[in-house]
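What follows is a single structure, written as structure tokens, with notes after it.
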Amino acid sequence: MKLPTLIAALGLVAATGAAQAADPNLARNLAATCANCHGTNGRAVPNSGMDALAGEDKAKTLKKLNDFKTGVKPASIMHQITKGYTEQQLDLIAGYFAGQK
Amino acid sequence: MMLMKRRDFLKAGAAAGAMASLYGCAGGGQPRGHVVVVGGGYGGATTAKYLRMWSEGSVQVTLIERNPTFISCPISNLVIGGTQKMEDITISYDGLKNKWGVRVIQDDVVAVDPAKKAVSLKAGGSMAYDRLVLSPGIDFMWNEIPALASADAQAKILHAWKAGPQTVALRKQLEDMKDGGVYALSIPKAPYRCPPGPYERACLVANYFKQAKPKSKVVILDANEDVMSKKGLFTKAWTDLYKDIIEYRPNSEVKDVDVANKTAILEFDKFKADVLNVIPPHRAGDIAHKSGLKLINNRWVDINWLSMEVNGTPGVHVLGDAIFPAPTMPKSGHMANQHGKLAAAAILNMLSGQEPSPTPVVMNTCYSFVDAKQAIHVASVHQYDPATKVVQPVQGAGGVSAARNELEGKAAMGWAKNIWADMLA
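Residue numbers (the working numbering), protein chains in the order written: chain W, 2 to 102; chain L, 621 to 1045.
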């Protein structure tokens, strides 16, 4: 990678990071994309067969998500979905659900 | 808001207060205003709930819906196939009213005045809004199938592409059909609501025939050149499970029908059925289509992906099946729910004087049953791309099931329970 390209790429990452950090509702909004299957704020309907994520330890959820993403943990659908989110977004999602006591 | 009775107002206010204290009542900077949501389906109901939940009750929300209850399109093919009942897909709006303090009014919006920020109601009177959300779903382009123009014809040749009385009526036609009869299903050219839906319906009707009327046939008349969704999985199910029952005919656009003879009229051919099920081409729901909003191809509403606000009409947001979709984005209930959350977050920012989030994300999951228990899925994730100003599918993410199985069938029912709760409970 040529140096100007690298600098431009880093600039883009920094700008995206800053925009995301400036948005106080980002974690909430990202976690809401999971709610269709995992329940509003991670409170899945009891006995629906879906993992409830509310109040789960952040590190545990994050590891599970990353294991789906890398293929370490087999899945029917979660390996396809987790690949659509950045590391930073998965981190925010896991953190948000951990905060739902 | 002349239609609101005073005691309803007081009740809604009390609910808002109770909720604010429940959430610890964040002080200052709270969004204020009145949002009117038109249409209580997957998009509108989700928007209404999330506006109330995320504003901690500080934003007033009125939901105007013409039907007394929510009836789900997803899972309705199981009712047509006879393994689920209407009550399994029917849910009350009481959760939105009582738990979330949404004012639910059973009525129809007949006009929108974006300059005055008001909608006109069929029952009479008008209602003012600070922001308007239209989630009207689809309406059919009856002029594309001329003989179906009349209500009488529409009651005989069914679409059943909006869940409700048509779902019940199609089930009845299939039950009344003799063994050895032919059920023909016509699919319009894409884009249409629920890309895998027609192929799922063919499977579930064939599943019913296999058990109850084994000499009967299912013929799919597809206006498209090929199966539009989950192709490999559907064609494998047709071969493995319904080999002598389902026949697939691509490039078979239905141009008109002979109602009395239950005959589909194609460009060079005719096809007579015992039960003829025609899904006409569709467009944005009437209220979004006729209100002077910017349309693409004169069919779908042109929206801004940061807020779902209509390009050129400030204060009016449109979502769900009615919009011109982003690349590879299906018109699905799941996606409408995601649009609703995107819109709710943006509206709350705008009502408190902030810009919408610059990095929205939406994702889709669609399950389809291939028999009473086995299902298949397709999933995708879409991230906002500042260069194209559209939520673009993430390359390498998403995909379809490895194979049909009962585990996915259980996941499909789990999906339904959770998404219904996410929008209504």
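Quick reminder that beta carbons are idealized off the backbone N, C-alpha and C, glycines included.
Cβ neighbours of residue i in the same chain (closer than 8 angstroms, five flanking residues each side left out)
| i | result |
| --- | --- |
| Asp52 (chain W) | His39 and Ala45 |
| Gly800 (chain L) | Lys833, Lys835 and Ser836 |
| Ala36 (chain W) | Asn42 and Gly43 |
| Ala775 (chain L) | Ala789 |
Sequence-distant residues of its chain with Cβ nearer than 6 angstroms to residue i (five each side left out)
| i | result |
| --- | --- |
| Ile840 (chain L) | Leu805, Ala822 and Tyr868 |
| Val936 (chain L) | Pro734, Leu752 and Val930 |
| Tyr862 (chain L) | Ala826 |
| Lys1030 (chain L) | none |
| Lys1037 (chain L) | none |
| Arg919 (chain L) | Arg903 |
| Arg813 (chain L) | Ile758, Asp941 and Lys951 |
| Glu845 (chain L) | Pro870 and Asn871 |
| Ala893 (chain L) | Val802, Ala804 and Lys882 |
| Pro25 (chain W) | none |
| Leu913 (chain L) | Val921, Val930 and Thr933 |
| Ser1048 (chain L) | One cannot answer for residue 1048 (chain L) here, as it falls past the ends of chain L, which runs 621 to 1045. |
| Glu873 (chain L) | Ala843 |
| Ile684 (chain L) | Val658, Ile725, Asp727 and Val729 |
Residue i, DSSP secondary structure in three states
| i | result |
| --- | --- |
| Cys814 (chain L) | coil |
| Lys850 (chain L) | coil |
| Gln650 (chain L) | coil |
| Trp674 (chain L) | helix |
| Arg723 (chain L) | strand |
| Asp876 (chain L) | strand |
| Gln704 (chain L) | coil |
| Ala53 (chain W) | coil |
| Ser641 (chain L) | Note that Ser641 (chain L) has pLDDT 37, beneath the 50 cutoff, so the model's placement of it is unreliable and no number is given. |
| Trp920 (chain L) | strand |
| Asp759 (chain L) | strand |
| Asp733 (chain L) | strand |
| Ala33 (chain W) | helix |
| Ile695 (chain L) | coil |
| Ala1045 (chain L) | coil |
| Glu1028 (chain L) | helix |
| Asn969 (chain L) | helix |
| Phe829 (chain L) | helix |
| Ala904 (chain L) | strand |
| Val788 (chain L) | helix |
Span of the alpha helix (DSSP H) around residue i
| i | result |
| --- | --- |
| Ser988 (chain L) | Run containing Ser988 (chain L): none in the alpha helix (DSSP H); it sits in the beta strand (DSSP E), Val981 to Phe989. |
| Thr883 (chain L) | That residue, Thr883 (chain L), is in no alpha helix (DSSP H); its beta strand (DSSP E) goes Thr883 to Leu886. |
| Gln90 (chain W) | Glu88 to Ala99 |
| Val1001 (chain L) | Here Val1001 (chain L) belongs to no alpha helix (DSSP H); instead the beta strand (DSSP E) covers Ala995 to Asp1005. |
| Leu741 (chain L) | Careful: Leu741 (chain L) lies outside any alpha helix (DSSP H), inside the beta strand (DSSP E) at Ala738 to Leu741. |
| Thr948 (chain L) | That residue, Thr948 (chain L), is in no alpha helix (DSSP H); it is neither H nor E in DSSP. |
Residue j beta carbon less than 8 angstroms from that of residue i
| i | j | result |
| --- | --- | --- |
| Tyr749 (chain L) | Val656 (chain L) | yes |
| Asp906 (chain L) | Asp759 (chain L) | yes |
| Pro900 (chain L) | Ile765 (chain L) | yes |
| Ser927 (chain L) | Ala964 (chain L) | no |
| Leu93 (chain W) | Leu54 (chain W) | no |
| Val1020 (chain L) | Ile996 (chain L) | yes |
| Pro1024 (chain L) | Ala857 (chain L) | Contrary to the premise, residue 1024 (chain L) reads as Arg rather than Pro in this sequence. Yes. |
| Ala1017 (chain L) | Val1001 (chain L) | yes |
| Thr985 (chain L) | Ile78 (chain W) | yes |
| Val921 (chain L) | Ala908 (chain L) | yes |
| Thr682 (chain L) | Arg723 (chain L) | yes |
| Val739 (chain L) | Val658 (chain L) | yes |
| Asn697 (chain L) | Gly817 (chain L) | yes |
| Gly968 (chain L) | Val982 (chain L) | The sequence shown places Leu at residue 968 (chain L), rather than the Gly named in the question. Not in contact: Leu968 (chain L) and Val982 (chain L) (Cβ atoms no closer than 8 angstroms). |
| Ala783 (chain L) | Ile691 (chain L) | yes |
| Leu794 (chain L) | Val895 (chain L) | yes |
Start-to-end residues for the beta strand (DSSP E) that takes in residue i
| i | result |
| --- | --- |
| Ser806 (chain L) | Val802 to Ile807 |
| Ile684 (chain L) | Val679 to Glu685 |
| Val46 (chain W) | Where Val46 (chain W) is concerned, there is no enclosing beta strand (DSSP E), given that its DSSP letter is neither H nor E. |
| Met747 (chain L) | Ser746 to Ala748 |
| Asp892 (chain L) | Looking at the sequence itself, residue 892 (chain L) is Lys, so the reference to Asp does not match. Element bounds for Lys892 (chain L): Lys890 to Lys892. |
For residue i, the residue or residues it bridges with in DSSP
| i | result |
| --- | --- |
| Glu867 (chain L) | L:Val839 |
| Asn931 (chain L) | Note: Asn931 (chain L) sits in no beta bridge, so no partner. |
| Gln1012 (chain L) | L:Gln1003 |
| Gly1019 (chain L) | L:Ala999 |
| Phe690 (chain L) | L:Ile711 |
| Val658 (chain L) | L:Ile684 and L:Leu754 |
| Leu27 (chain W) | Answer is none; Leu27 (chain W) lacks a bridge partner. |
| Asn897 (chain L) | L:Leu778 and L:Leu805 |
| Ile82 (chain W) | In the DSSP output, where bridge partners are listed per residue, Ile82 (chain W) has none listed. |
| Leu915 (chain L) | L:Val921 |
Per-residue contacts from residue i into chain B (C-beta, under 8 angstroms)
| i | result |
| --- | --- |
| Asp24 (chain W) | Here chain B cannot be found, since the structure's protein chains are W and L. |
Beta-carbon proximity list for residue i, same chain, < 7 angstroms, skipping 5 on both sides
| i | result |
| --- | --- |
| His954 (chain L) | Asn984, Thr985, Cys986 and Ile1039 |
| Ala634 (chain L) | With a pLDDT of only 44 at Ala634 (chain L), under 50, the local geometry of the prediction cannot be trusted, and no value is derived from it. |
| Ser972 (chain L) | Gly649, Gln650 and Pro651 |
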